[in-house]
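Below: the structure, in structure tokens.
Residue numbers (full-length UniProt numbering): 1 to 240.
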């Protein structure tokens with residue numbers, strides 16, 4: 001299945017507009033959003049931008065209801081009241097309310113999760129390591145991927161708010177062993193990249209993030225992935 005991935009958003013509503021137009025052209029059957037919808041450099045007081053971004057996400061969810069949504073650390077910082085870089089106390093109520101609004105437009109059974117699976121590809125904000133699974137899932141369930149995901153997706157704040165979890169991991173910088181790396185590809189955001197990059201069984205695609213001055217860190221391209229063959233390409237909206 002061809003899937004279009006929307007990486008870390010960070011108050012860029014245009015990403016949903018561009019993704020919707022690409023979907024309208026029929027380039028993919030489904031979309032996946034790696035979230036981190038709120039927060040960006042020096043935007044803590046721009047509540048209108050928070051509203052615009054979530055409203056764009058909600059419109060996208062209504063138009064493409066089978067989109068898979070993966071919680072990021074910035075999203076959950078407002079749910080769990082955890083301070084995070086760029087966290088806006090002024091926008092807290094807006095984020096909490098808009099997250100509820102987003103959940104309410106999703107079809108029954110299509111929950112926002114830490115980790116989604118489509119075929120033999122795992123999508124999460126930051127990646128799921130072998131150690132994390134061993135730590136939190138019974139050994140007897142390790143080889144049953146759907147059971148593992150069920151366990152992980154029911155974990156709470158105490159298990160998830162640390163560096164090794166699927167909302168915080170940074171496999172780009174270490175040789176951490178990923179869960180079932182021979183059988184599953186993982187697609188992640190979270191760590192800003194200059195270009196969409198594949199390292200072993202992990203594709204990192206956070207290429208819309210910016211420096212403090214607003215200059216793009218990455219290429220601002222979308223990842224288009226075939227979840228059966230694992231073939232992938234980068235889609236530059238302006239040139240497509």
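Glycine residues also receive a C-beta, built at the ideal position from the N, C-alpha and C atoms.
Using a Cβ distance threshold of 8 Å, residue 224 and residue 237 do not count as a contacting pair. Of the candidates 169, 81, 192, 53, 169 places its Cα closest to the Cα of residue 124. Taking the C-beta atoms as reference points, residue 47 is found nearer than 8 Å to residue 90.
Here residue 157 has 80 as same chain residues with Cβ atoms under 7 Å from its own Cβ, once five neighbours each way along the sequence are excluded. Following the DSSP letters along the chain, one finds residue 124 inside the beta strand (DSSP E) bounded by residues 121–124.
With respect to residue 30, residue 67 sits close: the two C-beta atoms are nearer than 8 Å.
With respect to residue 181, residue 193 sits apart: the two C-beta atoms are not nearer than 8 Å. By the neighbour-count criterion, in which a residue is buried when 16 or more other Cβ atoms sit within 10 angstroms of its Cβ, residue 166 is buried. Judged by DSSP in its simplified three-state form, residue 4 adopts strand. Here residue 97 carries a helix assignment [DSSP, helix/strand/coil].
In the structure shown, residue 55 adopts helical secondary structure according to DSSP, grouped into three states. Short of 6 Å from the beta carbon of residue 200, and not among the five residues preceding or following it, lies no beta carbon of its own chain. Annotated three-state conformation of residue 10 is coil, per DSSP. Shown here, residue 47 sits in a helix according to DSSP, grouped into three states. As DSSP reads the structure, residue 187 sits in a beta bridge with 123, 203. Per DSSP, residue 232 is one residue of the beta strand (DSSP E) stretching across 232–235. For the stretch 144–184, the full-length alpha helix (DSSP H) segments reaching 4 residues or more read 145–153, 157–160 along the chain.
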